[in-house]
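A.B. asks: Sharing a structure here in structure tokens format.
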Amino acid sequence: MATVYAAVTSLMGTIQLISQSTSDLQEDHKEHLKLLYDKVGSMLEFLDTNSDDEPMKDLLKKVKDVAHKVEDEVESHIWRGNHKTLLKILQRVFHLPTKAHERLLMILQRAIEEVDSVKEELNKLKDNNNNNNNNNNMRAGNFSLGGSSSPRLQASTLENNMVGHNIEQELMRGQLTGHSSQLEVISIAGMGGIGKSTFAKRMFNDPSIVSFFDVRGWVTVSKDYNLRKMLLSLLQDAGVNAELDKKSDIGEHREEEEEEGEGGGGGGGGGGGGEEGNLKKKKKKISDVQLANHMQKSDGELADLLQKSLKGRRYLIVVDDIWSTEAWDEFRLWFPEYNNRSRILLTTRDIKVAQYASYPRDPSPMRFLKPEESWTLFCQKAFDQNVCPIEFENIAREVVKNCNGLPLMISVVAGALSSKRTLDEWRKVAQSVSSLVNLDDYQRCSGVLALSYNHLPSHLKACFLYFGVFPKASEISVKKLIRLWVAEGFLELKGFEGLEKVATNLLSNLIDKSLVVVGKRSLNDKIKTCRIHDLLHDLCLREAESENLLHVTETPVTTYEGSRKDSSQVRRWVSVYPKDGRFSPIRFNCRKTRSLQVYSYITEHSRSKLGLNHFKLLRVLELKTSWYEFPSEVVHLVALRYLAVKVSRSPKDLPIFNLKNLQTFIFPQNMPEYQGVIYLPSEIWEMSQLRHLRSTRMYLYSPPPMVSDNEVKYRALENLQSVSGLIPRCCTKEIFEGIKKVKKLGIYGTKDDFNSEPRCLENLVDLHELEALTIVSYRKFKADTFLRLPCPGSFPPNLKKLTLCCTFLLWKDMTIVSMLPKLEVLQLRNNAFVPNIVWEVTEMQFPKLKFLLFEQLNIRYWRATDDCFPCLERIIIRNCRFLKEIPQEFADSMTLQLIELHQCSPSLVNSAELIQKEQLESLGNNMLKVYAFDTIKWRIW
2 MATVYAAVTS LMGTIQLISQ STSDLQEDHK EHLKLLYDKV GSMLEFLDTN
52 SDDEPMKDLL KKVKDVAHKV EDEVESHIWR GNHKTLLKIL QRVFHLPTKA
102 HERLLMILQR AIEEVDSVKE ELNKLKDNNN NNNNNNNMRA GNFSLGGSSS
152 PRLQASTLEN NMVGHNIEQE LMRGQLTGHS SQLEVISIAG MGGIGKSTFA
202 KRMFNDPSIV SFFDVRGWVT VSKDYNLRKM LLSLLQDAGV NAELDKKSDI
252 GEHREEEEEE GEGGGGGGGG GGGGEEGNLK KKKKKISDVQ LANHMQKSDG
302 ELADLLQKSL KGRRYLIVVD DIWSTEAWDE FRLWFPEYNN RSRILLTTRD
352 IKVAQYASYP RDPSPMRFLK PEESWTLFCQ KAFDQNVCPI EFENIAREVV
402 KNCNGLPLMI SVVAGALSSK RTLDEWRKVA QSVSSLVNLD DYQRCSGVLA
452 LSYNHLPSHL KACFLYFGVF PKASEISVKK LIRLWVAEGF LELKGFEGLE
502 KVATNLLSNL IDKSLVVVGK RSLNDKIKTC RIHDLLHDLC LREAESENLL
552 HVTETPVTTY EGSRKDSSQV RRWVSVYPKD GRFSPIRFNC RKTRSLQVYS
602 YITEHSRSKL GLNHFKLLRV LELKTSWYEF PSEVVHLVAL RYLAVKVSRS
652 PKDLPIFNLK NLQTFIFPQN MPEYQGVIYL PSEIWEMSQL RHLRSTRMYL
702 YSPPPMVSDN EVKYRALENL QSVSGLIPRC CTKEIFEGIK KVKKLGIYGT
752 KDDFNSEPRC LENLVDLHEL EALTIVSYRK FKADTFLRLP CPGSFPPNLK
802 KLTLCCTFLL WKDMTIVSML PKLEVLQLRN NAFVPNIVWE VTEMQFPKLK
852 FLLFEQLNIR YWRATDDCFP CLERIIIRNC RFLKEIPQEF ADSMTLQLIE
902 LHQCSPSLVN SAELIQKEQL ESLGNNMLKV YAFDTIKWRI W
């Protein structure tokens, strides 16, 4: 049973949550809960097994069923209604037993008995297996690698770099930059997992290709594509938002703050997943205002806007993973012919689609890897030093041979073997791969993927299967994924402080095993998004549905076969993809469903009823469509831990006071500068489990005071880690004391919001654990400076990252920023500072700064002395069209590794290249890389 470990950890988390958050438990209940927690926890040691033994499989299924049954019964009892009758109140006051208390006690006693029974069976089976294994080991030796020759156990994150195909790459460069002036479609065809997207990504990011084309765009089509999302994705790549940025003036501040971002459906390919980090062109994210402007347009208007944006520009568009000729016909006319050597690079699994799209040019078939190329890829994925230990080489060679040169199979098998320590374990994997040799390519690949999944440790399996909840081919926010894992209860509870860290390590393990691909990275190289291959997504769906775990449907009006009689048929995760974007109330057996995610991309706001009356135990609710108003049904879902919903008509007061178990609450507005402030209820200070709170413009009431030893203190949300969207007038000492453990804070507001509280930042010094601060102004027109920065001593003492957007600060205030002792990341977006001729940095400033981003800043000159920026590693400048040069003092920098320029002037590019040249000539340093994208080719001053 793949998800037995998750079922047990989920039950343990539920027991602990109830013990912490339920105030009217009697002492015998608490004792029984603690005893049940300990007994359940003691079973974890039995669960990390991949045994093919049928008795063990049956017993693990029994463990999972018991865990789910106990959890369902306990939660159903605890969360069943919050209203107390007068009799119940009197009975509680006078400590009289009630039927409800007696019922809970009976549930706990029965649960303990069932767990004891299952554990006794586990012990017996374990003893038998140990005796058999000892006898086998005495008869046949089992060599275990140790020391320096052992395979990697905690391998570093390796990204899917291209191996081999050197001749093909050179030929493709020639085709893409060839002399033909006509628009040409170049097709790459081959089976899934053969490396088409990786090859296209290598071409997309090749320096000679980057410099040749004015515009590059990437769109992932997939089987179930969405034309509208594809258009929006290409509009982002084409830079259409620059015009909208001037109108809305709120820019792209959401790129780092959009923690729950999604891809999928049609767009979001991002240069093949963006696995080259800063080598790829960063795609601009659409802000709420920009998205609202786009969504008002029809598909035809968006297509027209795309054509206009491409007019007169030499472009390269990658159309990745297209499945049909009908799909190609639908958007072929988006790409106009200007006789300027533009190109479309297309990848597909269907040779007929490739021939149709690129006619009369023949498609380029993607070949399998040659034996030595396969060996190189395997060693890269399986071992830290890219060298196979001699003891394993014979087995490894046999495994690689049986993969028949398919890169995905090689990567996945290598990832599975990288955590195996003994020759016996390697032999078992090799035999399994060998048994698939005579199958066709697709079946063999599917078999290898299933084999890799089967060899995952138990604690990883549910985490991996959860990828099936998301749409195929989607890029998934890592922060969102981790918060969902936490809410679902997949993680072994080791204290709340460590949950996100545990989840991050689990994701790294899945990446190391080549089951998950890295997408975009942040400035400081942390993983922002990830995705899985389509074949692996199919595997997730297949395995999750076989365990009655996941149900994916186009319409929520459905029933499970036998659902009213057999509760095992009721899925715990449900994903709804409404057909044609239309949503209708949910009507199926959902009494035990824990996760509901509705993915809809309709343009108008839904007024539908959700039909949530029977979702009593729901933990996760995410509504991707924009609701007309806050769904009133949500307030009765008292077991919710994760809630994400967007509405067009914001209520003044959010009725969430019943949701005491919320960990993550996301409530963005479509156009926050127009919709007014969202007022969170005062009861939010009783939500002790709250960890992440994000909106776009919200008001917090002050926390209730508590008098202790004649000293007034305020109630605090001890688990709260991030708050985004707080308006300036909430930046008070009382509120900051209430959120004192927060590590990330976003202060958002209109010009009037900031004008009313110009000194709102002076209380930040009370946030001792704050590491990341974002300040954003929603404003339509430029105006005088309205915000004042406090002195350096009034900033949070541990601040490492600062993002400013549309704040129109005076440049003299940059001196204050430069003195922050621990600042490592500084992002200045969309007129963070007022337009100015020169920014001059003098003396020893920015002592710890490593990453610097300029975006849409109106300055002409940047000057700095030799001793500034002593730790700077990366400079990224986007759309600063008037900036003429980067200080030449950086030619002496021993730390600078990257200068990346987007839509900048030729003189700025020349100055960066001169710095690179001087570093190489005078210091012998070839570490510095310079990349320029979409350089301006006309004089603008």
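Using my numbering, the first residue of the sequence shown is number 2, and each one after it goes up by one. Heads up, the beta-carbon is just placed ideally off N, CA and C, and yes, glycines get one too.
Touch check for the region 375-394 and the region 218-238: three-plus C-beta pairs under 8 Å?
C.D. replies: no
A.B. asks: Rounding to the nearest angstrom, what Cα-Cα distance links K593 and V743 in this structure?
C.D. replies: Using only the alpha carbons, I get a separation of about 33 Å.
A.B. asks: If you run the structure through DSSP and keep just helix, strand and coil, what is T224?
C.D. replies: According to the sequence shown, residue 224 is Lys rather than Thr. Reduced to three states, the DSSP call for K224 is coil.
A.B. asks: Apply the 10 Å Cβ neighbour rule to V5 and answer buried if 16 or more other Cβ atoms are within range, or exposed otherwise.
C.D. replies: Looking at its Cβ environment, which holds 16 or more other Cβ atoms inside 10 Å, V5 is buried.
A.B. asks: Just the Cα atoms here: how many angstroms apart are K930 and T866?
C.D. replies: 22 Å
A.B. asks: Rounded C-beta distance between L347 and A355? I'm assuming under 8 Å.
C.D. replies: 7 Å
A.B. asks: Report the option in E735, L537, I776 and P682 whose CA atom is closest to the CA atom of F755.
C.D. replies: Taking only the C-alpha atoms, the option nearest F755 is I776.
A.B. asks: State the beta-bridge partners of Y643 as determined by DSSP.
C.D. replies: BP columns for Y643 point to V621 and T665.
A.B. asks: So, are the CB atoms of I187 and Q176 less than 7 Å apart?
C.D. replies: yes
A.B. asks: If you draw a straight line from the alpha carbon of P793 to that of P836, how long is it in whole angstroms?
C.D. replies: 23 Å
A.B. asks: How should I168 be labelled, buried or exposed, when 16 other C-beta atoms within 10 angstroms of its C-beta is the threshold for buried?
C.D. replies: Around the Cβ of I168, a 10 Å sphere holds fewer than 16 other Cβ atoms; the residue is exposed.
A.B. asks: Straight-line CA distance for Y700 to R760?
C.D. replies: 17 Å
A.B. asks: Under 8 Å by Cβ, that's how I've got L418 and W427 pegged, so tell me the actual separation to the nearest angstrom.
C.D. replies: 6 Å between Cβ atoms; contact.
A.B. asks: Could you pull out every unbroken alpha helix (DSSP H) segment of at least 4 residues lying fully inside the region 721-778, listed in chain order?
C.D. replies: Restricting attention to alpha helix (DSSP H) runs no shorter than 4 residues, the region 721-778 encloses them at 734-739 and 752-757, ordered along the chain.
A.B. asks: Under three-state DSSP, which class holds M139?
C.D. replies: Residue placement at M139 cannot be trusted, given a pLDDT of 39 that sits under 50; what the coordinates show is reported in the next sentence. M139 falls in the helix class under three-state DSSP.
A.B. asks: Give a yes or no on whether the C-beta atoms belonging to A112 and V71 are separated by under 7 Å.
C.D. replies: yes
A.B. asks: Specify the secondary structure class of R692 as computed by DSSP and reduced to three states.
C.D. replies: coil
A.B. asks: Can you tell me whether M57 is buried or exposed, with buried defined as 16 or more other CB within 10 angstroms of its CB?
C.D. replies: buried
A.B. asks: What do you reckon, is the C-beta of I728 under 6 Å from a heavy atom of the ligand ZN?
C.D. replies: Ligands are entirely absent from the displayed structure, and the ligand ZN is therefore not among its contents.
A.B. asks: May I ask you to verify whether the region 511-526 touches the region 811-820, counting CB pairs closer than 8 Å and requiring at least 3?
C.D. replies: no
A.B. asks: Can you find at least 3 beta carbon pairs, one from the region 542-553 and one from the region 479-489, that sit closer than 8 Å?
C.D. replies: no
A.B. asks: Given this structure, state the Cα-to-Cα distance separating R650 from L236, to the nearest angstrom.
C.D. replies: If you take the alpha carbons of R650 and L236, they lie about 27 Å apart.
A.B. asks: In the DSSP assignment, find the alpha helix (DSSP H) that holds W863 and state where it starts and stops.
C.D. replies: It is not in any alpha helix (DSSP H) - W863 instead sits in the beta strand (DSSP E) that spans I860 to A865.
A.B. asks: Scan the region 857-934 and note each continuous beta strand (DSSP E) run of 3 residues or more that stays entirely inside, going in chain order.
C.D. replies: Under the rule that a run must span 3 or more residues, the beta strand (DSSP E) segments found entirely inside the region 857-934 read 860-865, 875-879, 899-903 and 930-934.
A.B. asks: From Y226, P729 and D117, pick the residue whose C-alpha is nearest to that of S475; which is it?
C.D. replies: Y226
A.B. asks: Could you tell me which of E76, Q920 and E489 sits nearest to T10, measuring between CA atoms?
C.D. replies: The shortest C-alpha separation from T10 is found at E489.
A.B. asks: Kindly confirm or deny that the region 299-319 and the region 204-214 touch, where touching means at least three C-beta pairs closer than 8 Å.
C.D. replies: The region 204-214 and the region 299-319 touch, with three or more beta-carbon pairs separated by less than 8 Å.
A.B. asks: Is the Cβ-Cβ distance between S908 and K885 less than 7 Å?
C.D. replies: yes
A.B. asks: Are there three or more Cβ pairs, one per stretch, closer than 8 Å when the region 328-337 is compared with the region 362-369?
C.D. replies: Too few Cβ pairs lie closer than 8 Å, so no.
A.B. asks: Return the residue from the list L660, Y862, P472 and K752 that minimises the CA-CA distance to V575.
C.D. replies: The shortest C-alpha separation from V575 is found at P472.
A.B. asks: Along the alpha helix (DSSP H) that carries K65, what are the first and last residues, could you check?
C.D. replies: It spans E55 to I79 - the alpha helix (DSSP H) in which K65 sits, taken as one unbroken run.
A.B. asks: From P652 to F631, what does the alpha carbon distance come to, in whole angstroms?
C.D. replies: Straight-line Cα distance between these residues: approximately 7 Å.
A.B. asks: Is the separation between the beta-carbon of P364 and that of A201 shorter than 7 Å?
C.D. replies: no
A.B. asks: Just the Cα atoms here: how many angstroms apart are P706 and D300?
C.D. replies: 54 Å
A.B. asks: Does the beta-carbon of R875 have 16 or more other beta-carbons within 10 angstroms, so that it is buried, or is it exposed?
C.D. replies: Taking all protein chains in view, the Cβ of R875 is crowded by 16 or more other Cβ atoms within 10 Å, so the residue is classified as buried.
A.B. asks: Roughly how many angstroms lie between the CA atoms of R422 and Y454, to the nearest whole one?
C.D. replies: Answer to the nearest angstrom: the Cα atoms are 18 Å apart.
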